[in-house]
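A short worksheet on the structure shown next.
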């Protein structure tokens, strides 16, 4: 038993006591602090940086932004297509190709030779792929831009693609596949996508192990040649340079890049998949059995809208009304009912196909959680939000708008991506004005068109022996689904 008296921690505080202000003094200091502001000035209009545009002799569109604050140059070469370009029998080739192209180096500077050359100059070259685009970019000090750009061009035109790196990236993808379903919270939305788009859709598919294992170096070469061509790309470059000098350097280097002679004159169309007519059963729950889980991961959703839909702005405002701290979902499901620690819902808005509306969370009481979740969403589709709710949601969106302009490089990349994907250059400003004009009636009308809780698919990952009786007792049909 610890003896009575001050231990070392207490003794330490006692030693500090003469240095600490008294309670009365601290209260007096607090009373002298200025009051917390409750009103804020309107945000000033934001302006895009000056952007120079050029077209190289090979047809590559270039966007240049001068930024002389730091002596760096950053460039990003974006290609249209992204992960969707993998053929149906070679799903995964797009992501593997983007990694191996950089990791394997070039024929002149393979692997570690490229790494060492870049390390000596504190520079980097990196590749990546997203659902809509793939990319290859670099960053370096302005004095090294000519040499780094030469290395960058080697990686673009003559990638080494060594088998050892291909095997490494294939093993990494296989490892991801092995652990794809480890996180129960990620299961509902992934399965919602497979139900609503189709398991083999370019919008929802995942590679199968046998597809990845069968990928060859020749497959990667064909993929890169097919999609990496000047007329399927844009270059954004920002940094400490003079635009006229940089345009001349780009013409000397990237201007020599041409599509391979074996490729057709026209850029291939980005793969698309027809949307199936999936109709979930009324009051049906698609259940993934995960024995041992103490909570159920719940998701419900339906097909939504794409970018540019007339209801885009109103649904964004509704998303904030539902999701903000103290929003409708949080208030009902966490604060009032105590059914979940976190809950959310909202719309994805991809470019050229309907995105998903998805809502859900983790709960120990899935039947009650579903009932309350559907109730909140149904109310949103039947009753207009208050003026105060709309004003608060719009304020949150508009006050975060400034972060779209956090850096010159981010602005450059956005402008380049918009040009590649056919999005108007002033889209962000159009979006801002659209949000400013949203009314409660707009929100209700959009919700009526796009929010149908009683018709949404419901997916749950949970221990079936515990949740199935609860769900069936509440009048829901349970349909088991397997993970594959």
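In mature numbering (1 follows the signal peptide of the UniProt record, and there is no 0), the protein residues as written are -26 to -1, 1 to 458. Note that CB positions come from ideal geometry on N, CA and C, so glycine has one too.
In the three-state reduction of the DSSP assignment, residue 144 falls in the helix class, which pools H, G and I. DSSP, read as helix, strand or coil, puts residue 315 in coil.
When the Cα atoms are used, residue 401 and residue 438 turn out to be separated by approximately 46 angstroms. With a 10 Å radius around the Cβ and a threshold of 16 neighbouring Cβ atoms, residue 265 comes out exposed.
Note on residue 206: 16 or more other CB atoms within 10 angstroms of its CB, so buried under the neighbour-count rule. Two segments are said to touch when three or more pairs of C-beta atoms, one from each, lie closer than 8 angstroms; by this definition the segment 227 to 246 touches the segment 194 to 208. Annotation for residue 162: the continuous alpha helix (DSSP H) segment containing it runs 161 to 171.
For the 7 angstroms CB-CB criterion, residue 108 and residue 177 do not form a contact. Residue 158 sits in a helix when the DSSP states are folded into three classes.
Per DSSP, the beta bridge partners of residue 208 are 35 and 52. CA-CA distance, residue 294 to residue 277, rounds to 19 angstroms. The segment 68 to 84 makes no contact with the segment 413 to 430, as fewer than three CB pairs between them are under 8 angstroms. Closest in C-alpha terms to residue 369, from the list 411, 189 and 39, comes 411. Closest option to residue 321, judged by alpha-carbon separation, among 378, 292 and 112: 292.
Between residue 51 and residue 110, the C-beta gap is smaller than 7 angstroms, which places the two residues in contact. For residue 263, same chain residues with a beta-carbon under 6 angstroms away, outside a window of 5 residues either side, are 438 in chain order. Measuring C-alpha to C-alpha distances from residue 67 to each of 97, 102, 44 and 45 identifies 102 as the nearest. Residue burial annotation: residue 152 is exposed, with fewer than 16 other C-beta atoms found within 10 angstroms of its C-beta.
Note on residue 309: under 16 other CB atoms within 10 angstroms of its CB, so exposed under the neighbour-count rule.
Pairing residue 139 with residue 78 gives a Cβ-Cβ distance under 7 angstroms. DSSP places residue 454 in the uninterrupted beta strand (DSSP E) bounded by 451 to 454. Three or more Cβ pairs closer than 8 angstroms define a contact, and the segment 154 to 168 falls short of that threshold against the segment 126 to 137. Restricted to the segment 183 to 238, the beta strand (DSSP E) segments that are unbroken, complete and at least 3 residues in length are 207 to 213, listed in chain order. Within the same chain, and ignoring the five residues on either side of residue 155 in sequence, the residues whose Cβ sits closer than 7 angstroms to its Cβ are 161 and 457.
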